[in-house]
Structure formats: structure tokens, C-alpha cells
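Chemist: Protein chains in written order, with the working numbering: chain A, 66 to 292; chain B, 4 to 60.
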């Protein structure tokens, strides 16, 4: 059965065998940046941990799930049209939604929507391009919708169990991303790996996403709700 | 007993997540929005009205 094969492959020699290691690298990179910035600077920002800690924690976890999927797609480079569209749409939507959601919860809808849209479109187009222009277009559309939708959802939830919703949304998003890993495995299990790479991209993407998120959450513009 | 390499990575990742999660949840028990006038637990009440197309607190 394919799920059993996939689970087995998580310890195998293909790129799927590197997914857990990639998660660990991304987590370590992001938490190191957060820890260093907190120790040297944000410790002195009033209520930093109580106001932003929760959302930064989930942002780091989300990026740690998005980055391995990017690595898996880069390893195979080319995919069939339908699979590539699914890849562009899923990565664009989930990365945009989560980035927009976390920033929307701390800074308001405008900056959350803009950041979510930016992250969603960039990652969606990049990963969707594995099947050509259709995947890239899916990435743009999904990034646009996901980014603004994420920011809007968190602002609308401000007075109604925002933290609980954050946990639930993260769990569902994680399930979707793991399903995407599985789908890519199913689609590519007959093909050879096209690209071998070290973990430089993992660290770079985690670094850029985490730094941008922290910087915008602490110093970015805010809506009237967050005054 | 031989531990598979990825099992070890997975366990380390979980330990990091739970360790830092514990710190974040223990430290962060404040309100989400600075303009809260009352409320408890997860629900917060912010008093506002609209004037000339703008929210007024």
C-alpha cells in the first residue's frame, strides 16, 4: 500500500528520506534567529512574548513544514501539468494563508494581507513552475487569495478564540502539506531524482521567512485596532 | 538497538518544538489586543464605533 511505502521511504535514500532532516534544519535555523534576536533586542520590548510569542512560534512551525515540500519539488524539477498545478496551488495558498494569518493577528489586515500575498505568490510561482505556466498561474491566484484570506480570518477572530483557531488552522494546514508530500511521492516514485543539493536553500528560505516575519510583527505598520 | 537516523531527527525536532513551546506558552499569557476593555480567557471585548468611515475606540 502506498501510505506504507511512503512511511518506509521517510527513512529511505530518495528525497523523501531527507524531509524530516529538513524540518529539523528549518526549525533550528528559525528558532536560533528568534532566540538571538530575543536575547539581544526583543527582551527589552514590552510584552514581547505575551503579545507576539504565540504567533511567532506557530509561524516558525509553519515554515518548517513548507520548506521540506519545496525541497521535495526541487528534487524532481519537472512534473505533469495536473500535479504541478496542485503543487503551485497548495504551496501558494497554504504559505500565503499562514503568513497572512499570523501577521494579521498582530498587525492588522493590510500588512497581513500584503505579506501573505507576497509570500504566497513568490512560493506558489516558484514551486508551480515545475510544470510550466499553468502551475505558476495557479501559484499567483492561490497566493493572492490565501494571503488576504488569512489576514482577514485572523482579524475577524480577534474577539473570538483567536489562539484556539490558530492551533486548529495550523493542524489542518500541516495535514494538507503532508498530503502534498505524499502526492508528490506518488507522482514521482517511478522517476529519477533530477537534482541533489545540500541544505543551503533550506536554511536560506527559513532565515528569510523568519526574519521578515519577526521584523514586520515587531516594527511593521499597524492598523487602528492595534494602535 | 539501532536507532534509524530519521527517527532520531524526528525526536530531536519534537523535543525542540515542545521545549520552546513550553517556554512560549508559559511566558505568553497576556491579551492579544492592547485596546481590550474587558473579557476573560480567549474572548476579548473591544468597544468601538464607526464615525466617518473610520473605527473610533
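C-beta: ideal position from N, C-alpha, C; glycine also.
I want to see whether chain B comes within less than 8 Å of residue 165 of chain A, judged by CB atoms only; does it?
Modeler: No, residue 165 of chain A does not count as interfacial toward chain B.
Chemist: Taking only beta carbons into account, state which residues of the segment 68–84 of chain A come closer than 7 Å to chain B, listed in chain order.
Modeler: Answer set for the segment 68–84 of chain A: 75, 76 and 82.
Chemist: I'd like to know whether the C-beta of residue 12 of chain B is nearer than 8 Å to at least one C-beta of chain A.
Modeler: Output row for residue 12 of chain B: interface = yes.
Chemist: Return the Cβ separation of residue 183 of chain A and residue 168 of chain A in integer angstroms, given the expectation that the two are a contact with Cβ distance under 8 Å.
Modeler: Contact doesn't hold; Cβ gap of about 10 Å is too wide.
Chemist: Which value, in whole angstroms, describes the spacing of the CA atoms of residue 252 of chain A and residue 238 of chain A?
Modeler: Whole-angstrom Cα-Cα distance: 21 Å.
Chemist: Please report whether the beta-carbon of residue 119 of chain A lies at a distance below 8 Å from any beta-carbon of chain B.
Modeler: With 8 Å as the cut-off, residue 119 of chain A counts as an interface residue toward chain B.
Chemist: What's the C-alpha gap between residue 120 of chain A and residue 105 of chain A?
Modeler: Cα to Cα, residue 120 of chain A sits roughly 20 Å from residue 105 of chain A.
Chemist: Please classify residue 86 of chain A as buried or exposed, where buried requires at least 16 neighbouring CB atoms within 10 angstroms.
Modeler: The residue in question, residue 86 of chain A, is buried, as its Cβ has 16 or more Cβ neighbours within 10 Å.
Chemist: Hey, out of A/102, A/110, A/114 and A/125, whose CA is closest to residue 88 of chain A's CA?
Modeler: Closest by alpha carbon: A/125.
Chemist: Are residue 81 of chain A and residue 137 of chain A touching if we call contact CB-CB under 8 Å?
Modeler: Yes, the Cβ-Cβ distance between residue 81 of chain A and residue 137 of chain A is below 8 Å.
Chemist: How big is the Cα-Cα spacing for residue 70 of chain A and residue 257 of chain A?
Modeler: The alpha-carbon atoms of residue 70 of chain A and residue 257 of chain A are separated by roughly 17 Å.
Chemist: Measuring only the C-alpha atoms, how far is residue 166 of chain A from residue 216 of chain A?
Modeler: So the alpha carbons of these two residues sit roughly 4 Å apart.
Chemist: How many angstroms separate the CA atom of residue 234 of chain A from the CA atom of residue 24 of chain B?
Modeler: If I take the Cα positions, the gap works out to 17 Å.
Chemist: Find out if the Cβ-Cβ distance for the pair residue 134 of chain A, residue 272 of chain A is shorter than 8 Å.
Modeler: Cβ atoms of residue 134 of chain A and residue 272 of chain A: not closer than 8 Å.
Chemist: Figure out for me which residue from A/144, A/218 and A/211 has the closest Cα to the Cα of residue 155 of chain A.
Modeler: Among A/144, A/218 and A/211, the Cα nearest to that of residue 155 of chain A belongs to A/211.
Chemist: If you drop the 5 nearest sequence neighbours on each side, which residues of the same chain put their C-beta closer than 7 Å to that of residue 74 of chain A?
Modeler: Cβ within range, chain order: 81, 82 and 250.
Chemist: Would you list the residues sitting across from residue 52 of chain B in a DSSP beta bridge?
Modeler: Its beta-bridge partners are B/59.
Chemist: List the residues of chain B that residue 235 of chain A touches, going by C-beta distances under 8 Å, in chain order.
Modeler: Within 8 Å Cβ-Cβ: nothing; residue 235 of chain A doesn't reach chain B, min ~12 Å.
Chemist: Spatial neighbours of residue 140 of chain A within its chain, please: C-beta separation below 6 Å, excluding the five flanking residues on both sides.
Modeler: Here the set comprises 80, 258 and 260.
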